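If you're matching positions, the sequence shown starts at 14 in the working numbering and goes up one per residue.
Each residue gets a CB set at the ideal place from its N, CA and C atoms; glycine is no exception.
These numbers come from a predicted model, not from an experiment.
Worksheet for the structure shown next.
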Amino acid sequence: CRTERPFEQVLKGYGQSYPPAGYLVAYGGTLTGYAHIPPFEGCGATEDLDPIFTSAISSPGKKADNYTKMTQAPLCVATNPEGPDCPPRKPKPER
């Protein structure tokens with residue numbers, strides 16, 4: 014089961030340079046955006062479930078109205094594998 018075609022998801026993070034707050038690549042944070050999810054195809058084994066997935070998840074027309082919120086953990090870099098963010102901490106879930 015998949016969408017009829019690939020779709021692009023653009024997420025944006027907002028932060029400040031000093032003091033560190035919001036989203037910074039090195040420290041992680043919240044990224045948000047909207048996506049247009051195309052209709053689904055190939056869903057179901059013995060019956061066609063494409064219309065159910067399409068009506069429940071896909072965007073009507075070309076409107077990007079599926080809100081996405083992702084929390085990125087701080088980076089764990091190869092140059093400092095013993096650093097305080099290795100392994101990365103699990104981010105606290107947000108709504």
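- Taking all protein chains in view, the Cβ of Tyr-36 is crowded by 16 or more other Cβ atoms within 10 Å, so the residue is classified as buried.
- A residue is called buried when at least 16 other Cβ atoms come within 10 angstroms of its Cβ; Gly-42 meets this threshold and is buried.
- DSSP places Ala-48 in the strand class (E or B) of the three-state scheme.
- Arg-102 places its beta carbon 8 angstroms or farther from that of Ala-91.
- Thr-67: member of the alpha helix (DSSP H) spanning 63 to 70, first to last residue.
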